[in-house]
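Residues 1 to 173 in full-length UniProt numbering are what the sequence shown spells out, letter by letter. Below you'll find the structure, written out as structure tokens, and then a few comments.
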Amino acid sequence: MPRIAADIQRQFQNLPVSAGRVVAQPSPNTLRGAETNFYADAVEQQFDITMFGQKVHVVATPVQYAWNYGDGTVFGPQPSMGGPLPQDRWGEKTRTSHAYGATGDFQVVLTTSFQGTYSVNSGPPLQIPGQGQFSAPPQTISVWRSLTRNYADDCHVNPQGQGCPGVGAGGVR
């Protein structure tokens with residue numbers, strides 16, 4: 001049993017624990033300067049392994065989340081996995097949201113820290129020292145810019161007016 005306790009932390013880090021996945025709202029495109037809501041989709045996982053001829057049951061529970069937003073900004077580790085927003089609230093600042101200052105494609109990486117317990121041969125659960133850290137596959141987010149232009153022409157009265165469908169910026173089709 002002491003050999004298992006000494007080895008379990010190393011084994012825990014090598015288990016195929018899924019860090020979860022990165023979810024972005026909106027996605028796959030967002031706007032420069034607007035808050036993009038990111039959250040983790042991570043769950044508790046259980047594993048049955050054999051160590052030194054003993055049956056070991058391991059439970060991995062997500063407890064901390066670190067976000068690398070791909071533009072040099074890192075947030076965490078911290079305990080909030082974030083959560084989804086209804087579409088009419090996209091753009092609001094959340095605990096895990098990020099506003100990009102530049103356009104381009106960015107690789108967002110989530111690293112989830114898991115706390116583990118183990119039991120040997122159906123015995124009582126014991127705490128695994130430390131935490132295991134696992135990274136989710138990168139999620140690409142494309143940051144675009146938006147332009148707003150105001151025009152005084154009424155396209156019904158003057159269909160050739162600047163800003164009317166089919167008319168270029170100079171007012172000519």
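We put the CB at the ideal spot given by N, CA and C, even for glycine. Computed from a prediction, not measured in an experiment: that's the story for all the values here.
Going by the DSSP bridge assignment, what does residue i pair with across the sheet?
| i | result |
| --- | --- |
| Y39 | V23 |
| P125 | BP columns for P125 are empty, so no partner. |
| W144 | L31 |
| D48 | H57 |
| D105 | S142 |
Is it true that the CB of residue j sits closer than 9 Å to the CB of residue i?
| i | j | result |
| --- | --- | --- |
| A34 | P62 | no |
| Y65 | G72 | no |
| N37 | P84 | yes |
| R145 | R32 | yes |
| Q139 | V43 | no |
For the beta strand (DSSP E) holding residue i, just list the boundary residues, first then last.
| i | result |
| --- | --- |
| N68 | 54-68 |
| R100 | According to the sequence shown, residue 100 is Tyr rather than Arg. Where Y100 is concerned, there is no enclosing beta strand (DSSP E), given that its DSSP letter is neither H nor E. |
| M81 | Counting along the chain, M81 falls outside any beta strand (DSSP E), and DSSP gives it neither H nor E. |
| G161 | Run containing G161: none; DSSP gives neither H nor E here. |
Just confirm the distance between the C-beta atoms of residue i and residue j, as a whole number of angstroms; I'd bet it's less than 8 Å.
| i | j | result |
| --- | --- | --- |
| T103 | G82 | Not a contact, Cβ separation roughly 24 Å. |
Is any heavy atom of the ligand ZN found at a distance shorter than 8 Å from the C-beta of residue i?
| i | result |
| --- | --- |
| S119 | Questions concerning the ligand ZN fall outside what the structure shown contains, since it holds no ligand whatsoever. |
| message | I want to know whether the region 5-24 touches the region 130-144 - three or more CB-CB distances under 8 Å. | response | Counting C-beta pairs closer than 8 Å gives three or more between the region 5-24 and the region 130-144, which meets the contact rule.
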